[in-house]
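Top line first, the protein sequences correspond to chains A and B. For the first sequence, position 131 matches number 167 in the numbering used here, and the numbering has no gaps at all. For the second sequence, position 27 matches number 40 in the numbering used here, and the numbering has no gaps at all. I have placed the structure first, in the form of structure tokens, so that the comments after it can refer back to it.
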Amino acid sequence: MKRIVTSFALALLTLQACKQTPGDNAKATTENSAMDIKVSGETETQAKLNPPMVPAAIGNRAAKKVVVHLEATEEEGVLADGVTYKFWTFNSTVPGTFIRIRVGDEVELHLKNASNSVMPHNIDLHAVNGPGGGAEATNVAPGKEAIFNFKALNPGLFVYHCAAAPVPLHIANGMYGLILVEPEGGLPKVDREYYIMQGEFYTKGKTDEKGLQEFDQDKGVDERPTYVVFNGKKNALMGADALEAKVGETVRMFVGNGGPNLVSSFHVIGEIFDRVYVEGGTTINKNIQTTVIPAGGAAMVEFKVEEPGNYILVDHSIFRAFNKGAIGMLKVTGEKNPKIFHKVQ
Amino acid sequence: MFKIFKIFLYFGGFFFLLTACDKVSAFNSTKESAKSDNKEVSINPDVKMVLIKGGEYQPFYGEDSSLVQVQDFLLDEKPVTNKEFLDFVQKNPKWKRSHVKAVFADDTYLKDWQNDETLPKNADPNAAVTFVSWFAAKAYAKSAGKRLPTLDEWEYVAMADEESANARDKSTYSAHLINLYNQKEREKNAVKISQPNYYGVYNMFDLVWEWTDDFNSIMTTSDSRTAEFDDKGLFCASAATSTTDVLNYASFMRYAFRSSLKANYTVGNLGFRCAKDVTK
Ligand SMILES: [Cu+2]
Chain A
37 MKRIVTSFAL
47 ALLTLQACKQ
57 TPGDNAKATT
67 ENSAMDIKVS
77 GETETQAKLN
87 PPMVPAAIGN
97 RAAKKVVVHL
107 EATEEEGVLA
117 DGVTYKFWTF
127 NSTVPGTFIR
137 IRVGDEVELH
147 LKNASNSVMP
157 HNIDLHAVNG
167 PGGGAEATNV
177 APGKEAIFNF
187 KALNPGLFVY
197 HCAAAPVPLH
207 IANGMYGLIL
217 VEPEGGLPKV
227 DREYYIMQGE
237 FYTKGKTDEK
247 GLQEFDQDKG
257 VDERPTYVVF
267 NGKKNALMGA
277 DALEAKVGET
287 VRMFVGNGGP
297 NLVSSFHVIG
307 EIFDRVYVEG
317 GTTINKNIQT
327 TVIPAGGAAM
337 VEFKVEEPGN
347 YILVDHSIFR
357 AFNKGAIGML
367 KVTGEKNPKI
377 FHKVQ
Chain B
14 MFKIFKIFLY
24 FGGFFFLLTA
34 CDKVSAFNST
44 KESAKSDNKE
54 VSINPDVKMV
64 LIKGGEYQPF
74 YGEDSSLVQV
84 QDFLLDEKPV
94 TNKEFLDFVQ
104 KNPKWKRSHV
114 KAVFADDTYL
124 KDWQNDETLP
134 KNADPNAAVT
144 FVSWFAAKAY
154 AKSAGKRLPT
164 LDEWEYVAMA
174 DEESANARDK
184 STYSAHLINL
194 YNQKEREKNA
204 VKISQPNYYG
214 VYNMFDLVWE
224 WTDDFNSIMT
234 TSDSRTAEFD
244 DKGLFCASAA
254 TSTTDVLNYA
264 SFMRYAFRSS
274 LKANYTVGNL
284 GFRCAKDVTK
């Protein structure tokens, strides 16, 4: 036991150390200039859209004040066909509402905890420079609300999650989402944008065992998930809920990984990512087949779709895809293009 | 007012460290004197108190080696009920919803009550009272000639399951509680329906969270991951850096809940029960 405690503490220390390591010069410069950006214009209240939808691109607007409302809830929902689970959420969806701002924006974040919650909840946004990413400022009892302000200094795609004790349980129950901080002038325009977040669930029963499933702590600790899914549910992006695009369009996917444990090898079968914003940061890698998305991390992938058909999104750790649910679909419609692809016989 | 209270807590914390770990009563009386402005009218709730035989216990936070001595004490066998709290409010009008000061109870105090002296619609008079602040709970206990249990006392009793005084090592203990804690609206049920624990104490887990006297005297910083304590620790072991049982999620939940509270907070699934010293 002592060993577990020690290694746990060590891990925490390491995490802390990482957080406090001053960035390289480039980062410092960005941060400093971002710090000086003045906000102007009308305060925006962020729209609440359900995943896989995201709010409109920021374009070339000036930095401004943005109000974000999140509500921590605990509610029973569908995890797979005939399988229910008691999810803990931000704004009643897994992942939580996508937050979209730009560098220099000043965010006033309201975290309410639903009055019928049993647990306290809080929020740690990886986009925040400050203690606990806001967790310390937002630990909120059922029925109460916490408010804190932060200025977005680093552009990128970041995870947010609940960090109330016991942290692994809050994350395992679905308390995570993404916040996008666009650079000045905005990201390049694309035709379609989607919000996808991978996460694991650990249930007492086997995969697809019917009924209300309880959380299984041992499986969580052993990192043996019963489900690995996109957007909080097996088949959340399949059938009628598949993503859509038309031939010739460029698709951008904001892909996050809530974990709590697994690293994702994100891949779209039949497509090559033209551009990947590696780890959600500023570096762009090109012509990528599969990109790694760490637990508590994210990536933006962009690709042009040239040929109609069904493109399957997977975690290429492939048992997860076909047995545990890490699978989704992008339906591309439009003219066939035999030059690019055609079956000969 | 809250600031003064906080200063007392800090002060108390230091005082505490200077003396031995078990001088809980001294700590309390320091705080008591801070707000003895007007007296509560006494009440006499009909509740059995169970003698808890003291002993050494391993607090959830602290070094592996730091045991805390819990003295013998008496604990209410069940949480304070709606009916009992109504009686208290009737005899102590300053604790009526319309009279209470915001520093002592926030704006959800007795929120569901139909008025100052009428319980919520469809509420079971024998269900645990909720939406009560720490100040209100404290006042109730005082008027009953009792006090709130300390966090150590409460957690000491919470180690028990139905068969044994210390069930913390049973793998089922934490798992059972996690699932129990995940159920909503448990607070609506009447007290004493479920089985009592080893000591004969009911409803430690299955109805409401409960105030303890020193609910915020030790905890992780409210960011649970930094594994450091505020300096108002309840242990002598100041070098303690982590939890003694990282897998006891149920305890984590209770500590996390307590750390989200302020003394004037009132919450829909938070009640209390009283304790008392054993008179020799
Ligand atoms: Cu949470």
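Virtual Cβ for every residue (Gly too), placed ideally from N, Cα, C. Remember, predicted model here, so these are calculated numbers, not experimental data.
Which listed residue (the options) has its alpha carbon closest to that of residue i
{"i": "B/V83", "options": "B/L164, B/Y122 and B/F144", "result": "B/L164"}
{"i": "A/E218", "options": "A/G118, A/A199 and A/G316", "result": "A/G316"}
{"i": "B/T292", "options": "B/K201, B/F86, B/G68 and B/K124", "result": "B/F86"}
{"i": "B/K155", "options": "B/E53, B/A276, B/G281 and B/L132", "result": "B/E53"}
{"i": "A/G118", "options": "A/I320, A/Q381, A/G292 and A/N271", "result": "A/N271"}
{"i": "A/E80", "options": "A/L349, A/T319, A/I135 and A/Q234", "result": "A/I135"}
{"i": "B/A180", "options": "B/D219, B/N261 and B/K66", "result": "B/N261"}
{"i": "B/D290", "options": "B/V60, B/G67 and B/S55", "result": "B/G67"}
{"i": "A/A92", "options": "A/D227, A/L161 and A/V164", "result": "A/D227"}
{"i": "A/L214", "options": "A/V176, A/A177 and A/G295", "result": "A/G295"}
{"i": "B/A115", "options": "B/R286, B/C287 and B/A276", "result": "B/A276"}
{"i": "A/F266", "options": "A/M71, A/A116, A/K84 and A/A83", "result": "A/A116"}
{"i": "B/E198", "options": "B/S55, B/A141 and B/A178", "result": "B/A141"}
{"i": "A/E338", "options": "A/G77, A/K379, A/V104 and A/A281", "result": "A/A281"}
{"i": "B/N95", "options": "B/N135, B/R160, B/K151 and B/A269", "result": "B/N135"}
Same chain, Cβ closer than 6 Å to residue i, neighbours up to 5 away in sequence not counted
{"i": "B/D137", "result": "A203"}
{"i": "A/G268", "result": "V130 and G210"}
{"i": "B/D125", "result": "P133"}
{"i": "A/G241", "result": "Q249"}
{"i": "A/Y231", "result": "P87, P88, V90, F134 and F290"}
{"i": "B/D294", "result": "Here chain B comprises residues numbered 14 to 293, so residue 294 of chain B is not present and cannot be evaluated."}
{"i": "B/P209", "result": "Y215"}
{"i": "B/S207", "result": "D219"}
{"i": "B/V63", "result": "L88, E90, Y212, G213 and V214"}
{"i": "A/K300", "result": "Note on identity: in this sequence residue 300 of chain A is Ser, with Lys being the wrong assignment. Closer than 6 Å at Cβ, skipping near neighbours: Q234, N293, I329 and D351."}
{"i": "A/G95", "result": "G222"}
{"i": "A/N165", "result": "L189"}
Close beta carbons around residue i, own chain, < 7 Å, minus the five adjacent residues each side
{"i": "A/N86", "result": "T129"}
{"i": "B/A263", "result": "S187, L190, I191 and Y194"}
{"i": "B/N282", "result": "T143, E200, V221 and W222"}
{"i": "A/Y238", "result": "A208, F251, D252, K255, G256, P261 and T262"}
{"i": "A/V350", "result": "H303, I305, A357, A362 and I363"}
{"i": "A/T243", "result": "T262, Y263, N359 and K360"}
{"i": "A/F184", "result": "L145, G170, A173 and T174"}
{"i": "A/R39", "result": "Low confidence applies here, because A/R39 scores a pLDDT of 46, under 50, leaving its location unreliable and the question unanswered by this model."}
{"i": "A/P191", "result": "V139, V217, E218, P219 and T318"}
Spatial neighbours of residue i in its chain, beta-carbon cut-off 8 Å, leaving aside the 5 residues before and after
{"i": "A/D141", "result": "V75, A99, K100, K101, V102, K187, A188 and V217"}
{"i": "A/T120", "result": "E112, G113, V114, G247, L248 and Q249"}
{"i": "B/Y278", "result": "D119, S146 and W147"}
{"i": "B/Y122", "result": "R110, V113, F144, V145, S146, A149 and T279"}
{"i": "A/V154", "result": "E110 and P178"}
{"i": "A/N297", "result": "E236, G256, E259, P261 and A331"}
Short CB-CB distance (under 8 Å) between residue i and chain E
{"i": "A/K180", "result": "Checking the listed chains, one finds no chain E in this structure; the protein chains it contains are A and B."}
- prompt: Taking a cut-off of 7 Å, which residues have a beta-carbon closer than that to any heavy atom of ligand 1, in chain order?
  reply: A/A108, A/W124, A/M155, A/H157, A/N158, A/C198, A/A200, A/H206 and A/M211
task: Say whether the region 120 to 134 of chain A touches the region 163 to 178 of chain A, bearing in mind that this needs 3 or more beta-carbon pairs closer than 8 Å, one atom from each stretch.
output: no
query: So does the region 143 to 150 of chain A actually touch the region 95 to 108 of chain A, counting three or more Cβ pairs closer than 8 Å?
result: yes
The region 104 to 116 of chain B / the region 211 to 231 of chain B touching (three or more Cβ pairs under 8 Å): no
message: With three or more beta-carbon pairs closer than 8 Å as the criterion, would you say the region 198 to 207 of chain A touches the region 310 to 326 of chain A?
response: no
- request: Quick one: which unbroken alpha helix (DSSP H) runs of 4-plus residues sit fully inside the region 152 to 214 of chain B? Chain order, please.
  value: 164 to 171 and 184 to 194
- request: Count the C-beta pairs between the region 343 to 356 of chain A and the region 364 to 378 of chain A that are closer than 8 Å, then say yes if the count reaches three, no if not.
  value: yes
query: Taking the runs of the alpha helix (DSSP H) that are 4 residues or longer, which of them lie wholly in the region 64 to 135 of chain B?
result: 95 to 104
query: Which parts of the region 112 to 166 of chain A are runs of the alpha helix (DSSP H), unbroken and 4 residues or longer, counting only runs that do not cross its ends?
result: none
- prompt: Could you give the uninterrupted runs of the alpha helix (DSSP H) lying entirely in the region 265 to 344 of chain A, keeping only those of 4 residues or more?
  reply: none
query: Which residue spans inside the region 200 to 247 of chain A form an unbroken alpha helix (DSSP H) run of at least 4?
result: 203 to 208
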